[in-house]
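Take a look at the structure set out below.
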Amino acid sequence: MAMTILRMFTGCLGVDCELYLSQLSMQVIVIRLLTQHLSQSEALADQQKLTFKNSPTNRGKWCNIGLWKYTRHPNYFGEDSTDKKYGNVAEYREYKRVTSPLIPLPPAVYRSLPSWFKTVFLFEFPFYSRSLPQEGYTLIAD
1064 MAMTILRMFT GCLGVDCELY LSQLSMQVIV IRLLTQHLSQ SEALADQQKL
1114 TFKNSPTNRG KWCNIGLWKY TRHPNYFGED STDKKYGNVA EYREYKRVTS
1164 PLIPLPPAVY RSLPSWFKTV FLFEFPFYSR SLPQEGYTLI AD
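Everything in the sequence shown is counted per this note's numbering, starting at 1064 for the first residue and increasing by one.
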């Protein structure tokens, strides 16, 4: 059934077409599995963060456990407000230096990568730290 639908959309006929369509089908399946895995990871990260924030012992701390240990996955507003809140805390600055923004990596690996690699391949863009106070400056809360 799926092959028939693919043939209709691609206008593909013949033996070479069968190979092409089966490769295309595999690519679609792989993309679907990756998308499903990412959405499950996002849900797990959200649950871990909620559990972390609901614990009284974590009051006033940022989440750096579970998946959050390996990736910050910023949502721009969240990263921005977290930078404003913890920007003057040395441990938070270190967390940002050694934790990948989007691609989960062990902190020891991420720390050792050159800046250009982090920017090009791991999406460590300057706007993720636009609200982080410069070293030596104190952030004044509104």
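Glycine is no exception: its CB is placed at the ideal position from the N, C-alpha and C atoms.
Residue i - DSSP class collapsed to helix/strand/coil
i: Ser1163; result: strand
i: Ala1204; result: A caution first: Ala1204 carries a pLDDT of 48, below 50, which makes its placement in the model too unreliable to give a value.
i: Trp1125; result: coil
i: Ser1104; result: helix
i: Asn1117; result: helix
i: Pro1196; result: coil
i: Val1172; result: helix
i: Val1091; result: helix
i: Phe1188; result: coil
Residue from the options with nearest C-alpha to residue i
i: Tyr1133; options: Thr1182, Asp1143 and Lys1159; result: Lys1159
i: Glu1142; options: Asp1109, Phe1190 and Pro1119; result: Phe1190
i: Val1183; options: Leu1165, Gln1197 and Pro1196; result: Leu1165
i: Glu1187; options: Arg1135, Arg1095, Arg1122 and Lys1116; result: Arg1135
i: Ala1153; options: Pro1169, Ile1128 and Leu1195; result: Leu1195
i: Ser1192; options: Ser1163, Pro1167, Val1172 and Ala1171; result: Ser1163
i: Tyr1155; options: Val1172, Ile1092 and Trp1131; result: Trp1131
i: Asp1146; options: Ser1088, Val1161 and Trp1125; result: Trp1125
i: Val1172; options: Val1161, Asn1151 and Trp1179; result: Val1161
Residues that residue i bridges to, as DSSP identifies them
i: Phe1134; result: Checking the sequence, you will find Thr at residue 1134 rather than Phe. In the DSSP output, where bridge partners are listed per residue, Thr1134 has Ser1163.
Endpoints, the alpha helix (DSSP H) within which residue i is located
i: Thr1182; result: Ser1178 to Leu1185
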